[in-house]
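Colleague: Quick note: the sequence shown uses the UniProt record's numbering, first residue 1, plus one each step.
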Amino acid sequence: MKVLLVGGAGMVGSFITPYLREKHEIRVLDIAEPQHEGIDFVKGSVTDPQAIEKAVGGVDAFIWLVMKSPQGGMVTDQDLKVIRENYEVNCLGLHTFLWLAQGAGLTRGVYTSSMSVHHRGRNYYKSEDEIPLDTPT
1 MKVLLVGGAG
11 MVGSFITPYL
21 REKHEIRVLD
31 IAEPQHEGID
41 FVKGSVTDPQ
51 AIEKAVGGVD
61 AFIWLVMKSP
71 QGGMVTDQDL
81 KVIRENYEVN
91 CLGLHTFLWL
101 AQGAGLTRGV
111 YTSSMSVHHR
121 GRNYYKSEDE
131 IPLDTPT
């Protein structure tokens with residue numbers, strides 16, 4: 001299976017690439033080049049329709065690993081510029097990507113959120129270590 005790692009040059013993408021490569025072909029769409037050699041790489045942003053169209057061609061599935069600014073989840077005093085950048089990537093970029101991916105016939109994917117979505121709720125949400133295993137869903 002050919003898997004597209006959207007934002008795959010980042011921390012999480014760099015961690016999972018060696019494992020995915022064992023059984024899958026990997027393509028990365030990112031603004032930065034991946035650190036692993038021999039990866040099919042498309043340089044571009046998720047806000048760039050041409051880069052997305054190039055990246056989704058011929059892939060069987062995608063994994064969304066995008067995060068514009070780690071600041072979004074690491075500090076409590078975001079400024080308006082950081083908020084807007086995270087919105088552009090996490091909302092507009094995702095919407096654009098999904099629309100173009102669907103048009104290209106891509107029907108399988110995994111979406112992972114980013115810390116910038118819940119940055120002020122870190123102490124509000126329970127971690128998996130705090131929730132009993134027998135809690136009904």
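For every residue, glycine included, the Cβ atom is placed at its ideal position computed from N, Cα and C. Since the structure is predicted, the reported quantities are computational estimates derived from the model, not experimental observations.
With distances taken Cα to Cα, identify the nearest neighbour of residue 46 among 35, 58, 67, 18.
Modeller: One-based indexing of the sequence shown puts residue 46 at position 46. Comparing Cα-Cα distances from residue 46 to each of 35, 58, 67, 18, the minimum goes to 67.
Colleague: Pop quiz: residue 24 and residue 1 are said to be a contact at Cβ under 8 Å. What is the actual Cβ separation, rounded to whole angstroms?
Modeller: Within the sequence shown, the letter at position 24 stands for residue 24. Within the sequence shown, the letter at position 1 stands for residue 1. Confirmed, about 5 Å.
Colleague: Which residues in the same chain have their Cβ closer than 8 Å to the Cβ of residue 94, if we skip the five residues on either side of it in sequence?
Modeller: Taking the first residue of the sequence shown as 1, we reach residue 94 at position 94. Closer than 8 Å at the Cβ level, and outside the excluded window around residue 94, lie 46, 64, 66, 111.
Colleague: Got a sec, what are the start and stop residues for the beta strand (DSSP E) residue 26 sits in?
Modeller: For the purposes of this step, residue 26 is taken as residue 26 along the sequence shown, with counting starting at 1. Here the beta strand (DSSP E) through residue 26 covers 25-30.
Colleague: Should residue 44 and residue 51 be called a contact, given that it needs their Cβ atoms to be closer than 8 Å?
Modeller: Counting from one through the sequence shown, the residue named residue 44 turns up at place 44. Counting from one through the sequence shown, the residue named residue 51 turns up at place 51. For residue 44 and residue 51, yes; Cβs fall inside 8 Å.
Colleague: Please report the residue range of the beta strand (DSSP E) in which residue 9 lies.
Modeller: Counting from 1 along the sequence shown, the entry for residue 9 is found at position 9. Careful: residue 9 lies outside any beta strand (DSSP E) and carries neither H nor E.
Colleague: Measure the CB-CB distance between residue 34 and residue 8 and report whether it falls below 8 Å.
Modeller: Indexing the sequence shown from 1 puts residue 34 at position 34. Indexing the sequence shown from 1 puts residue 8 at position 8. In contact: residue 34 and residue 8 (Cβ atoms closer than 8 Å).
Colleague: Just the Cα atoms here: how many angstroms apart are residue 22 and residue 4?
Modeller: Numbered from 1 along the sequence shown, position 22 holds the residue referred to as residue 22. Numbered from 1 along the sequence shown, position 4 holds the residue referred to as residue 4. The alpha-carbon atoms of residue 22 and residue 4 are separated by roughly 15 Å.
Colleague: Grab the span of the alpha helix (DSSP H) containing residue 82 for me, first residue to last.
Modeller: Against the sequence shown, residue 82 aligns to sequence position 82. Element bounds for residue 82: 80-87.
Colleague: What residue range does the alpha helix (DSSP H) around residue 56 cover?
Modeller: Position 56 of the sequence shown, counting from 1, holds the residue named residue 56. From DSSP, the alpha helix (DSSP H) with residue 56 extends over 49-56.
Colleague: How about residue 108 and residue 61: do their beta carbons lie closer than 8 Å?
Modeller: Locating residue 108 in the sequence shown gives position 108, counting from the first residue. Locating residue 61 in the sequence shown gives position 61, counting from the first residue. Yes. Within cutoff.
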